[in-house]
Amino acid sequence: MTDILNDHLKKVAPLRERIRGDTLPHFIGGEPDPGSSGLTFENLSPVDNSKLCDVARGQAAEIGKAASAAEAAFADWRRASGKTRRQILHRIADLILSRREEIALLECLDTGQTIRFMKAAAERSAENYRFFADRASEAADGLALPAEAHLNYTTRLPIGPVGVITPWNTPFMLSTWKIAPALAAGCTVVHKPAEWSPLTAMILAEIGQEAGLPAGAHNLVHGLGEEAGVALTEHEAIKAIAFVGESATGSKIMAQGAPTLKRVHFELGGKNPVIVFEDADLDRALDAAVFMIYSLNGERCTSSSRLLVQRGIHDDFVERLAARVRNIRVGHPLDPRTEIGPLIHPAHFEKVLGYMDVAKAEGATVAAGGARSAYSGDGNFVSATLFTGVRTDMRIAQEEIFGPVLSVIPFEDEEEAVRIGNDVRYGLAGYLWTRDVARAHRVAQALDAGMIWINSQNVRHLPSPFGGTKASGIGRDGGDYSFDFYMETKNICVALGDHGIPRLGA
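Next up, the structure:
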């Protein structure tokens, strides 16, 4: 072990002891809340599948209490000035930065994500709050729409208490990506984090309270999707649901919210292509293809899990790729040398391993990995895996694996690349590499996906729209697009004179 790893393990030990001692509570109305049911569930560390802590298992009663707290807080928070919201959200960003080491260490311990990425994720979370803090004063801004005899103008109003259901892959950062714009808009929040990664959600709730959020503006209820999740999506006081997760779950949430006419925003699954043409900068394309599937343990919705390579360069490119993949270091997530840590949970670990057998049965070739890692038999460690000889009709080319598994598919020309790229039920992201500017635009416009990166990895520009098409989601995050979801647009029409009014019954 390196000295840095030993240092991180020493820092984690007291954190682990602290969370092990008590049941992790909810946070409702500005206070920790143990819940009324007494039910709990276990939270495991993916490093060795040992128990980290027990977590309060929220039911409809806890969701109801949190929704009532959010509804009560909304009356004042919606009237808070943009300046006030801006100051509080900036204070939240400051406090996130002051606790970023603790956040990063707990994320690694709870999710298996590597320290090299979680340090940056904590800092990115503060950026999310700062970005929306600076737009809080503009959230209600609308348009002037003059007509011949009337002036129409629009304004925006916060929709009310909202439910936020977040995933387990980078839970702290993705929670801030949803909660910050909701608060900036003037909404209040009931947050249900994924049950496999609950730890840092409590830190975010505590930080909000310390920063000056009104009690009840940010509530947290832990629990299972079929219990707390369903109660949240069905609760009448909750006006909208923002969800990040699997497409099948999004479909269920839409049905659950239909009786109360809930607005929904879904960021769902992806099976994203990265398309490499013969004229590309192959060194940069190789770096990007490796990074976008093997970083974050392959557990990211925007991962480029399908690599489409033009036949003229296919063999040489794949040979170089395989050498890189075999060299990827699997290890303890707190070791700064580690590039892939353990997968989040034994159930997900078995799912990913199951696709290895599926791929081999369908005739794909294992060019690297293809099995559990030899690093540790107690944790959820999988080798970086590369399959070649893949056809677009294979399950590994169609289904979201959500692990460090890359499938390579050859193509002849631009037309075939687009056809294969679109030949999935998902449409979140696409990446393409070419020096031909006209081709880049043609292919980008032809791909059925919400986001396309040309000669680039996934670099997020916070004002730009983030979201997918088809089974990858509904709606967009980012900049003003987030306010469109969390706010209602109101039109106000003012007569400029004595325009004619039809007289009935005169």
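Using my numbering, read the sequence shown as starting at 70 and increasing by one per residue. Note that CB positions come from ideal geometry on N, CA and C, so glycine has one too.
Just reading off the beta strand (DSSP E) that Gln379 is part of, what are its end residues? For Gln379, the enclosing beta strand (DSSP E) starts and ends at 375-379.
4 or more residues per run - each alpha helix (DSSP H) lying fully within the stretch 485-541: With a minimum length of 4 residues, the unbroken runs of alpha helix (DSSP H) contained wholly in the stretch 485-541 fall at 506-515.
Check whether the Cβ atoms of Pro283 and Ala270 sit closer than 8 Å, and answer yes or no. Inclusion of Pro283 and Ala270 in the CB contact set at 8 Å is not warranted, their separation being larger than that value.
Do the stretch 206-216 and the stretch 240-249 meet, that is, are 3 or more Cβ pairs less than 8 Å apart? Taking a cut-off of 8 Å for Cβ pairs, the stretch 206-216 and the stretch 240-249 do not touch, as fewer than three such pairs fall below it.
What does the Cβ neighbour count give for Ser533, buried or exposed, with the cut at 16 atoms within 10 Å? By the 10 Å Cβ count, Ser533 comes out exposed.
C-beta atoms of His219 and Leu573 nearer than 8 Å: When the beta-carbon positions are compared, His219 and Leu573 stay at least 8 Å from each other.
Roughly how many angstroms separate the alpha carbons of Phe450 and Ala466, rounded to a whole number? Distance between the alpha carbons of Phe450 and Ala466 is about 22 Å.
Rounded C-alpha distance that separates Lys340 from Ser150: Answer to the nearest angstrom: the Cα atoms are 42 Å apart.
Which runs of the beta strand (DSSP E) at least 3 residues long sit entirely within the stretch 167-237? Give them in chain order. Within the stretch 167-237, the complete beta strand (DSSP E) runs of at least 3 residues are 213-215, 219-227, 231-234.
My guess is that Ile362 and Pro473 are in contact by the Cβ rule of under 8 Å, so how many angstroms apart are they, rounded? Right, the Cβ-Cβ distance comes to about 7 Å (below 8 Å), so this counts as a contact.
Cα-Cα, which of Val233, Ser114, Val313 is closest to Val258? When only C-alpha atoms are compared, the closest one is Val233.
Based on the DSSP secondary-structure assignment, which residues constitute the bridge partners of Ser476? Arg375, Phe456, per the DSSP bridge assignment.
Coil, strand or helix - Ile157 by DSSP: Reduced to three states, the DSSP call for Ile157 is helix.
Per-residue burial, Gly423 [other beta carbons within 10 Å of its own, 16 or more giving buried]: Looking at its Cβ environment, which holds fewer than 16 other Cβ atoms inside 10 Å, Gly423 is exposed.
Alpha carbon of Ala440 to alpha carbon of Val359, nearest angstrom: The alpha-carbon atoms of Ala440 and Val359 are separated by roughly 18 Å.
What is the C-beta distance between Glu305 and Gln325, in whole angstroms, given that I count them as a contact (C-beta under 8 Å)? Contact annotation, Glu305 with Gln325: C-beta distance approximately 12 Å; criterion of less than 8 Å not satisfied.
Just how far apart, CA to CA, sit Asp145 and Met323? The alpha-carbon separation between Asp145 and Met323 amounts to approximately 29 Å.
In whole angstroms, what separates the C-alpha of Gly104 from that of Thr245? Cα-Cα distance, rounded: 24 Å.
Could you give the distance in angstroms between the alpha-carbon of Glu469 and the alpha-carbon of Gly338? About 7 Å.
Note down, in chain order, each residue of its chain lying with its Cβ closer than 7 Å to the Cβ of Ala125, except the 5 sequence neighbours on either side. Correct list, in chain order: Thr92, Leu93, Pro94, His95, Pro103, Gly104, Thr109, His291.
The beta strand (DSSP E) that contains Phe110, what's its start and end? Per DSSP, Phe110 belongs to the beta strand (DSSP E) from 109-113.
Can Ile489 and Leu377 be called in contact, C-beta distance under 8 Å? Result yes, Cβ atoms of Ile489 and Leu377 sit closer than 8 Å.
Would DSSP call Glu419 helix, strand or coil? When secondary structure is reduced to three states using DSSP, Glu419 falls in the helix class.
Let's see if you can read the secondary structure: which residues bound the beta strand (DSSP E) around Met60? Only positions 70 to 575 of the chain appear in this structure, which leaves residue 60 out of reach.
Output needed for Ser476: all residues of its chain with C-beta closer than 6 Å, excluding positions within five of it in sequence on either side, in chain order. In chain order, Arg375, Phe456, Val459, Ile465, Ala466 place their CB closer than 6 Å to the CB of Ser476, counting only its own chain and leaving out the 5 sequence neighbours on each side.
Are Ser452 and Val387 closer than 8 Å when you measure CB to CB? Cβ atoms of Ser452 and Val387: not closer than 8 Å.
Cutoff 7 Å; reference Gln379; Cβ partners in own chain excluding five residues on either side: If we look at Gln379 and ignore the five residues flanking it on each side, its Cβ neighbours are Val345, Phe346, Glu347, Phe480.
Cutoff 6 Å; reference Thr183; Cβ partners in own chain excluding five residues on either side: Within its own chain, the residues whose Cβ lies closer than 6 Å to the Cβ of Thr183, once the five positions on either side in sequence are excluded, are Pro402, Thr407, Gly410, listed in chain order.
Does DSSP put Asn75 in a helix, in a strand, or in coil? Look at Asn75 here: in three-state DSSP terms it is helix.
Roughly how many angstroms lie between the CA atoms of Leu158 and Gly381, to the nearest whole one? The alpha-carbon atoms of Leu158 and Gly381 are separated by roughly 52 Å.
Cβ distance (whole Å) where Thr558 is taken to contact Ile413 below 8 Å: Going by Cβ atoms, the distance from Thr558 to Ile413 rounds to 39 Å, so no, they are not a contact pair.
Roughly how far, in whole angstroms, is the beta-carbon of Gly448 from the beta-carbon of Asn118, given that I think they are within contact range, below 8 Å? Yes, Gly448 and Asn118 are in contact; Cβ-Cβ is about 7 Å, under 8 Å.
Starting from the C-beta of Arg89, find all residues in its chain whose C-beta is less than 6 Å away, skip the five residues before and the five after it, and write them out in chain order. So the list reads Cys122, once near-sequence residues are dropped.
Tell me the rounded alpha-carbon separation between Leu293 and Ala416. If you take the alpha carbons of Leu293 and Ala416, they lie about 15 Å apart.
With respect to the alpha helix (DSSP H) encompassing Ile276, which residues constitute its N-terminal and C-terminal limits? Note, Ile276: alpha helix (DSSP H), 268-280.
CA-to-CA distance, Ala509 to Gln128, given in whole angstroms: It is roughly 50 Å from the alpha-carbon of Gln128 to the alpha-carbon of Ala509.
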